[in-house]
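In my numbering, the protein residues as written are 1132 to 1406. Where is the CB? At the ideal position from N, CA and C, for every residue including glycine. Computed from a predicted model, the values in this text were never measured in an experiment. In what follows, a structure is listed as structure tokens, so that the remarks can point back to it.
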Amino acid sequence: MKKDLPIFIIVGAMKSGTTTLHQLIVHHPNIAIAANELHFFDREKNFQKGLEWYYSKLSETATADTLIIGEKTPTYSFVEHIPGKIHENLPAAKLIWIFRNPIDRAYSNYWHAVTAGVEPSGFEYAVRNEKKRMQKNIFHGYLNRSLYHEQVERYLEFFPSTQMHYIIFEDLIQNPEAELGRLFDFLDIPADGNSPVQQHANKSSYPAWPWSVATAKKIFGGESRIYKFILQKNISFGKKKRMNQELRKELVKYFREPNEKLADLIGVDTRGWNK
């Protein structure tokens, strides 16, 4: 167990490249990162297992060369009570954020939900009725989850800015060496000598008929052979769908002010998202 080592957490945002970032740092000799999302702070059944369990999970891949241990669970950025919970238990943790064009993130999040069998509606219907739908399920907040400045502000109530590091996904893809160099400086570990491979992991699937996937899961259950067959057939017939461009123009206007707030809050350039 490596309880004496510093801890980092990739807190979000979901569908912004957290899996890509994980794959880019997992082979660094001084980093030990949990293979899967631990959901320790957002799932009570895991939290009740205690910090000893959490430390053991963080340390599973640790070696004699490990200088820092960590995990990624992007749900942590969105659920409102999580910042205080992390601070109460790990006040010295280093927190890593990765942000993606909020429209692209929301669209990818929507297709992630479709593939999971929990979204039967079309994207335009989902976002135009988001506030009403969120009253029943906060995870239908595809646009809301892209309001990054609100999430960062909640963490800044508990953590100083010096404990948080911000990455723009598009910058990571364009220049991974530079972005990883900045990250390793933040984590206080030496740069890895191996050049990272540019990649975008965990890309969304595009089922052809979202309603049929959701209906199959509701009737047969997510582990049934029938559901899995219908899902795979949907994906095999599906293809990447171009967002309605008039809707996209509306969303550019919708996110312009939130993007500016994020830029002012953390000092990043978000102008590339406003188109």
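Quiz item: What's the call for Tyr-1279, buried or exposed, on a 16-neighbour Cβ count within 10 Å?
Solution: Along the sequence shown, one-based indexing puts residue 1279 at 148. So Tyr-1279 counts as buried.
Exercise. Check Ser-1326 in the structure and name its three-state DSSP category.
Key: In the sequence shown, the residue the question calls residue 1326 occupies position 195. Its pLDDT being 47, under 50, Ser-1326 is placed unreliably in this model, and the coordinates cannot settle the point.
Quiz item: What residue range is occupied by the uninterrupted alpha helix (DSSP H) comprising Phe-1317?
Solution: Translated into the one-based positions of the sequence shown, residue 1317 becomes position 186. Note, Phe-1317: alpha helix (DSSP H), 1307-1318.
Quiz prompt | Length of the line joining the Cα atoms of Ala-1322 and Ile-1156 | solution = In the sequence shown, the residue the question calls residue 1322 occupies position 191. In the sequence shown, the residue the question calls residue 1156 occupies position 25. Looking at the two C-alpha atoms, the distance is approximately 10 Å.
Quiz prompt | Cα-Cα separation, His-1296 to Lys-1372 | solution = Here residue 1296 refers to the residue found at position 165 of the sequence shown. Here residue 1372 refers to the residue found at position 241 of the sequence shown. Approximately 33 Å, taken between the alpha carbons.
Exercise. Run the CB neighbour count on Ala-1165, radius 10 Å, all protein chains shown included, and call it buried at 16 or more, exposed below.
Key: Residue 1165 sits at position 34 when you count from the first residue of the sequence shown. Ala-1165 comes out buried.
Self-check item: At least three beta-carbon pairs within less than 8 Å, the segment 1196-1208 to the segment 1139-1149
Solution: yes
Quiz item: Hey, which unbroken runs of the alpha helix (DSSP H) at 4 residues or more fall wholly within the segment 1162-1237?
Solution: 1175-1178, 1181-1189 and 1213-1220
Exercise. Helix, strand or coil for Gly-1352, going by three-state DSSP, please let me know.
Key: Reading the sequence shown from its first residue, position 221 is the one you call residue 1352. It is coil, neither helix nor strand.
Quiz item: Distance, Cα to Cα, Glu-1261 vs Leu-1169?
Solution: In the sequence shown, the residue the question calls residue 1261 occupies position 130. In the sequence shown, the residue the question calls residue 1169 occupies position 38. Cα-Cα distance, rounded: 28 Å.
Quiz item: Alpha carbon to alpha carbon, what distance is there between Ala-1195 and Gln-1282?
Solution: Here residue 1282 refers to the residue found at position 151 of the sequence shown. Here residue 1195 refers to the residue found at position 64 of the sequence shown. Roughly 36 Å separates the two Cα atoms.
Practice problem: Give the single residue among His-1243, Ile-1217 and Ala-1247 whose Cα lies nearest to the Cα of Phe-1290. | Solution: By 1-based counting over the sequence shown, the position of residue 1290 is 159. Nearest of His-1243, Ile-1217 and Ala-1247 to Phe-1290, Cα basis: Ile-1217.
Practice problem: Flag this pair as yes or no: are the beta carbons of Phe-1386 and Ile-1200 separated by less than 9 Å? | Solution: Working through the sequence shown from its first residue, we reach residue 1386 at position 255. Working through the sequence shown from its first residue, we reach residue 1200 at position 69. No. Outside cutoff.
Quiz item: When we look at the beta-carbon of Asn-1232 and count the other beta-carbons within 10 Å, is it buried (16 or more) or exposed?
Solution: Position 101 of the sequence shown, counted from the first residue, corresponds to residue 1232. Asn-1232 should be labelled buried.
Exercise. Excluding the 5 residues preceding and the 5 following Tyr-1286 in the sequence, name in chain order all residues of the same chain whose CB lies nearer than 7 Å to its CB.
Key: Locating residue 1286 in the sequence shown gives position 155, counting from the first residue. Correct list, in chain order: Pro-1214, Leu-1226 and Met-1295.
Quiz item: Straight-line CA distance for Lys-1406 to Lys-1380?
Solution: In the sequence shown, the residue the question calls residue 1406 occupies position 275. In the sequence shown, the residue the question calls residue 1380 occupies position 249. When rounded, the distance between both Cα atoms is 8 Å.
Quiz prompt | Residue span of the beta strand (DSSP E) that contains Met-1295, given as start and end | solution = Position 164 of the sequence shown, counted from the first residue, corresponds to residue 1295. Met-1295 -> beta strand (DSSP E) spans 1295-1299.
Quiz item: If you count every other CB in all the chains shown that lies within 10 Å of the CB of Ser-1326, and 16 or more means buried, which is it?
Solution: The residue labelled residue 1326 in the question sits at position 195 within the sequence shown. Here Ser-1326 scores only 47 on pLDDT, less than 50, and its place in the model is too uncertain to base an answer on.
Quiz item: Exposed or buried, what is Leu-1382 when buried is set at 16 or more other beta-carbons lying within 10 Å of its beta-carbon?
Solution: On the sequence shown, position 251 is the one that residue 1382 refers to. Result: buried.
Practice problem: Determine the DSSP secondary structure at Val-1157, reduced to helix, strand or coil. | Solution: Along the sequence shown, read from residue 1 onward, the residue named residue 1157 stands at position 26. The answer is coil: DSSP assigns Val-1157 none of H, G, I, E or B.
Exercise. Using a threshold of 9 Å, state whether the C-beta atoms of Ile-1299 and Val-1210 are closer than that.
Key: Locating residue 1299 in the sequence shown gives position 168, counting from the first residue. Locating residue 1210 in the sequence shown gives position 79, counting from the first residue. No.
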